[in-house]
Every structure is written in structure tokens, then in C-alpha cells.
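Numbering (the numbering used here), first residue to last: 158 to 914.
All C-beta atoms, glycine included, are put in the ideal place defined by N, C-alpha and C.
Some notes on the structure that comes next.
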């Protein structure tokens, strides 16, 4: 890789900090120009029983594996044959800023029916990948592997470099269009939790003895927890539900696997039925070998591992399981009877909820109670793992596996349930093969970021600011940057820095591993550092969960005094395109059609602002009609406070007069009034609404929607100081349809259907 080019000098200083010098001397090492043509097309794909819109590269999902050798010049011509613009980002690759592939930031978007040529020197080796950085195209299938081999004369060649190898691209697939997925996340729909069996309803809480846990959770204004946002219809390996791998040389039972997590939002557990897994590389760079039973691959990470394929007429499973354990995908090595990895058991969500209750403050912040957590050494999700908490459920041998007979009569490999026998990889176990010290006696600047989020409204931020709400972070060539990241949210975040590798301070001293993507678990504080010595320009730093990034979880590092980027001729206009993603508005509407009347609500909102409407209509003058529209802004990190202004209309023939704050009487038979008010989320997730109208009438209302009685049965409560009250039940059949019943003070009993969008 680029480290060996400068020998001992590079062993003491990170290679990428002399990026410009590498360009000037590159011709000495160049081998050949490798050219690829990538044709990007709209297509239809059927991965989960339905033919759905997708994006293919050269007719396949994933796209073709691009092979290079360190020292080559890469030329990739991208032919956009779609009706929309696209892009390709070279994930983890060190290259000129204008080749990085972030549209409107580093590289021009590739317009429909045009060809864009990427050209850059290949100054590294390892396992990487490429993907679209335009909207949600990555979720539709626009990704592929990128493998760079060491040169044959590389003095750092390892025995593992000569092993037979196989590239493994893991991904997730949904039959829903990604834009609809994004909308559902932003409107607070929990249909994905229903699909996964992860609702954590009151019925389930009572059944499992966690009623108090559930009440305490909601007292702290927390919704049910999950470890993943989305229900996926299929998980894929190299575009297949499972893949048989052709037999390798029988004289060499070791196989190198290049594992790439190209999932849009899924972490994958990796387990192998044939024994231990030896980790030899992470994010493209070599690490000292470490043997484990399993490892969790974060979104956008890559790992190089070595496994043994015994020549015993058996077929061994490499199982990749989604972190939320809602599905998996497999590779099979060898021929003969299948040796399975036992599927990972369902998560114990209430155990996780109980833990979070003890660590969540009433203001929504996490309370680490003095614990110094970093580098995944303390997995806060482990309380939900049955295999880490159950005891005496299986006999096992010293390798941490046991065998049982499967339902098909074959021998199955099974991980033990004793956590003491399961060696799980964490970042503190990764050690670089070479020294990675930063230059000394240069300015060092420290930056701190708090990873923040609001799961209910799906707002993901750094320091409670989205990308569009924050300024670029100016950095200077030659300075060392130390970045401290604290995750004050309940979700993991794989933070990715474009165009740079950073030292990950994990206790390995001079041999701290270099990474470009770092998974940060809830309540962790992790520190990374790098030397700002690239050729200049703007570089994206963001969470690589696609929907978190689209919601605004990112920043831009911008080198001072950078020359103009010819790919971005109008920077001010271009940046507005980039900011559009986290400024988008999302629409939702719900309407109860009952035989006693009609009730509904709607919202059109983005990260901070919201337009809301509510209505209630009887079927005659006696029952009357009410409607209200309001416009306001969500305030605070948790967005519990919502001041608003609006207008209300009331009509009820023959209604009694009402008095205002000053004792004056007003009729309700046909009244339009302006309103000013504030809504605030209280403990138990009750929403208090206090408002005054232009007639001087003051009202306080308490309400709560969607109380989860069971997985699909929801309850609604409302009462106010006008003496109005409403109670309702709704059973969700589909994400857009429910059966409902209600009692309203004015309209009495009713039942019907609910339509939800």
C-alpha cells in the first residue's frame, strides 16, 4: 500500500499526509491503466417475491467487482442511462477531491444520458467498495465491490495474500420504494416494528413481567426501543439469498474472504460453522491476526477474514445475520452434508428497555453513570442477547461450538449459549501491522461532537444541528485533528470520513489501527485523529446509515485556501442541493370513517417546522363540525416543545354559549378564531396543549395517540377543559388500514375504518 513507498519514514508518519508528494512521484510506481465502463440503468428486480424497481450496474445487483493493483491508474467511465442524475463515490479510496463522487460537493452529478469519467491513481491496496451518493439510489441496488491487490514486489506481502479468496457483498432489500421508507420513518410509523415483532406493547410487557419497565420507559418519554429502523424483506449476499461457493484447491483449506457491508442500514453478525474466524484486515488495511467466534460488521465497513474449509465432505455455513435478528443470508463452503450455524435467537427488547431506563435522564440525555465506554468493549445491547444471558442450555466443546441433529437429519453447528465461550470482536482487539503515529511538533486541534437524535420524528444530528444548519469546519493543511465523538442517542452510528484514514485510539499505542468508518455504540465516547495534509477541498463526514445521513447527520471538513474545484463551478448554488436532503418535508394523514362521524389529522413537516391540521365532523347540524390548522416549530434537542399559531373553526347548531377569560359569552354555532398555543410532551408521552384564541378563550387539552395495547391494537385518549373528551381503539391490519371504534362526548359511540397515509 502507500505506506511502504517511503519505507521507515512512512512507518513513523501516516502515509496519506503526504498525498501531494505521492501524486508527484506516482509515475515511478505506475504499472498500467485499468479501464472500466459502468452502465447504470433502471431495471426491475425480484428478490422477495415481487418485481420492484431497482438500479443495476452492467445489468447486475450488486455491480461488477472492480479489480486493481496498487500503482495502477484507474479510469472508470460511468454511463448514466437513467432518467435521473446519479453519482459514484469510491468508499475508502484516497484520491483527488474532484474524483470523490459526492454530487454538488466534490463532483458534478452525472446527468441523464451522459458519460462521466473518473480517473485517479491507485495508491493503496485492500478491500473497498463503491456506491451512489445520490439520494436513496444505494438502497435500490447501486453498489459494488472494489478490490485492490498488492504489487508482486511489495515487501509487505503476507502469506494471506496468496490464499484463494472470495468477495462477499452483504446488503439489504426492501420491496417498498426507499422514498416511502424514508417518509414512514419521518412520520413516526411503527409498522416496521410490527413486521419484526418488536412493538413492546403493554400486553407483551404484562405477559413477560415487564409492566413496570414499560411504564418507567414511557414516564421518561421514551418510545419502544429497537436496534434497527427498518423491516427488510430480504438480506442478500452477492445479490442472492444464499450463495454456494465453488470448491477451492483441496490442498489448501484456508480461504480469504473480503467482506463488505453494503447495506443501507443493516449491521451484520458474521458466524462460521467450521470453527474460528481469523480477522486479518479492517477497512482495507492489514491488522495483526485475531481469532474470534463472531464479529459485527457495521454499515459501510469492510473486513478481511480467513476461514478453514476442512476436506471432510461437509458443507460449512458462513451466516450473516441482521443485528435485529429479523433475517439472514448465507454462504456455503465445501460439498456434502450441510453444517449449519444455529440461527441467532430473538432479541429480548424489554431487557434492553430496562437497561435504557436506568441510563436515560428525564431530559432525554444518556447518563453513563461514570462508565468510560469506548471501542465496543462494553456492548450495551448484550443484555438483549439470549446467548449472552441464558445458562446451561447446551453442552459445548472447547471451541465454543456444539453439534446437534437438524430437522433435515444433517449435522448442524451450533454456537453455545454461554457468553464465556463466545469470543466477539471489538475495536480494542485491532492492531495495525505498522506504526501509525501522527507527525509531532505540529499544531494539534481538538474537536468534539455529540451524536444526537430523535427517533420519534427521525431527526439525526451532530450537536443538535443537521448538515444544513451548520457551517463547514475549516481545517488547515499540516495540523493534527483530534475528534472526540460521544453518542448521546439510543442508536449505533457508523461515522465515515471521505478521503482520509484516521487513527482509532483503541489502546494499541503506536499501532492504533487506521480506519475510515467507525461504529459508535450508544453512550460510547470514541477518539479519532488524523493529519490534515490532503490536497484541499471539501470532504464529507457523516453517518453511513443511509436514512440517518439523509436526515442531516453529517458535517463538511473544508481545507482553508483550497483552489477552486472545476467540478463545482457554482459552490453556493451547489451546496443548496446538498442541503435539500435534510430540509425535505414529509406528509402524513389519518382519517377515521365511523358511522357516528369523521375524525382526522394531518401533518406536513420537516426537521424543525410543521403544518398540522385536525378535524371532527358529525353527520348533522346537532353534532357539528370542528377544524383547526396550525403552523409551528419544534424546539429543543428532544423536540418536546412546539409553539404554534393557527386558526380554528367551530360550527354546532343550537350549541350553548361559551365564556372567555373575561366572562364574556360567545356563541359556538359558527365561529372562526385565530389561536396561539404551545404543545409539550409530558411524561407517559401525554401531549399537553395550552392555547388562547382571539375571542379570549383559553383551553388546556391532554391527549395521547397510538398507545400500544398489543402489537396491532392501539388506544387514543383526549380530554380538555371545554368538557370535551374522546376514547378510541384501532386495530391495524395494514400500514394504511385499520378497524376502529370510539366514543366521543358529542357524537357518542361509533365504529368504522381508519385510513392512514
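DSSP places residue 399 in the uninterrupted beta strand (DSSP E) bounded by 399-402. Residue range 905-913 is occupied by the beta strand (DSSP E) that includes residue 905. A distance below 8 Å between beta-carbons, with the five flanking residues on each side excluded, links residue 736 to the following residues of its chain, in chain order: 624, 625. When C-alpha distances from residue 871 are compared across 757, 243, 861, the shortest belongs to 861. Around the beta-carbon of residue 247, 16 or more other beta-carbon atoms lie within 10 Å, marking it buried.
The beta carbon of residue 323 sits closer than 6 Å to the beta carbons of 402, 414 from its chain, once the five residues preceding and following it are set aside; these are given in chain order. Separation of residue 203 and residue 331 (C-alpha to C-alpha, rounded to the nearest whole angstrom) is 10 Å. Assigned with DSSP and collapsed to three states, residue 613 falls in coil, not helix or strand. Classified as buried, residue 425 has 16 or more neighbouring CB atoms from the shown chains inside 10 Å of its CB. The beta carbon of residue 234 sits closer than 6 Å to those of 194, 272, 274, all from its chain and outside the five residues before and after it, given in chain order. Around the beta carbon of residue 658, 16 or more other beta carbons lie within 10 angstroms, which makes this residue buried. For residue 326, the CB contacts under 6 Å within the same chain, skipping 5 residues up- and downstream, are 219, 302, 395, 417, 419 in chain order.
Excluding its 5 nearest sequence neighbours in each direction, residue 585 has C-beta neighbours in its own chain below 6 Å: 532, 534, 663, 664, listed in chain order.
No residue range can be given for residue 319, since it is assigned to no beta strand (DSSP E) and is classified by DSSP as neither H nor E. Around residue 511, the same chain offers 370 as residues with beta carbons nearer than 6 Å, after the five sequence neighbours per side are excluded. In the same chain as residue 261, and ignoring 5 residues on each side of it, the C-beta atoms closer than 6 Å to its own belong to 731, 734, 735, in chain order. When rounded, the separation of the alpha-carbon atoms in residue 599 and residue 691 is 15 Å. For the pair residue 306 and residue 472, the Cα-to-Cα distance works out to about 28 Å. Annotated as proximal: residue 859 and residue 874, with beta-carbon spacing under 9 Å. Taking the Cα positions, residue 484 is about 17 Å away from residue 452.
Each of 312, 500, 702, 254 was checked against the Cα of residue 542, and the nearest Cα belongs to 500. Counting only runs of 4+ residues, the alpha helix (DSSP H) found wholly inside the segment 624-712 occupies 703-707, in chain order. In chain order, 458, 459, 460, 461, 587, 670, 672 place their CB closer than 8 Å to the CB of residue 439, counting only its own chain and leaving out the 5 sequence neighbours on each side.
Assigned with DSSP and collapsed to three states, residue 754 falls in strand. Judged by DSSP in its simplified three-state form, residue 719 adopts coil rather than helix or strand. Counting only residues of its own chain and dropping the five nearest sequence neighbours on each side, residue 315 has no CB closer than 6 Å to any other CB. The beta carbons of residue 393 and residue 339 sit no closer together than 9 Å. Of the candidates 232, 236, 696, 255, the residue whose Cα lies closest to the Cα of residue 722 is 255. Of the other Cβ atoms in all chains shown, 16 or more fall within 10 Å of the Cβ of residue 694; this residue is therefore buried.
In this structure, residue 606 keeps its C-beta atom at 9 Å or more from the C-beta atom of residue 638. Residue state for residue 276 is assigned as strand, using DSSP reduced to three classes. Distance between residue 506 and residue 479, taken at the CA atoms: about 15 Å.
When DSSP assignments are scanned along the segment 179-233, no uninterrupted stretch of alpha helix (DSSP H) that is 4 or more residues long falls wholly within it.
If you look at residue 362, you'll find it in the alpha helix (DSSP H) that goes 359-364. For residue 337, the three-state secondary structure derived from DSSP is helix. With contacts defined by Cβ atoms closer than 9 Å, residue 431 and residue 465 form a contacting pair.
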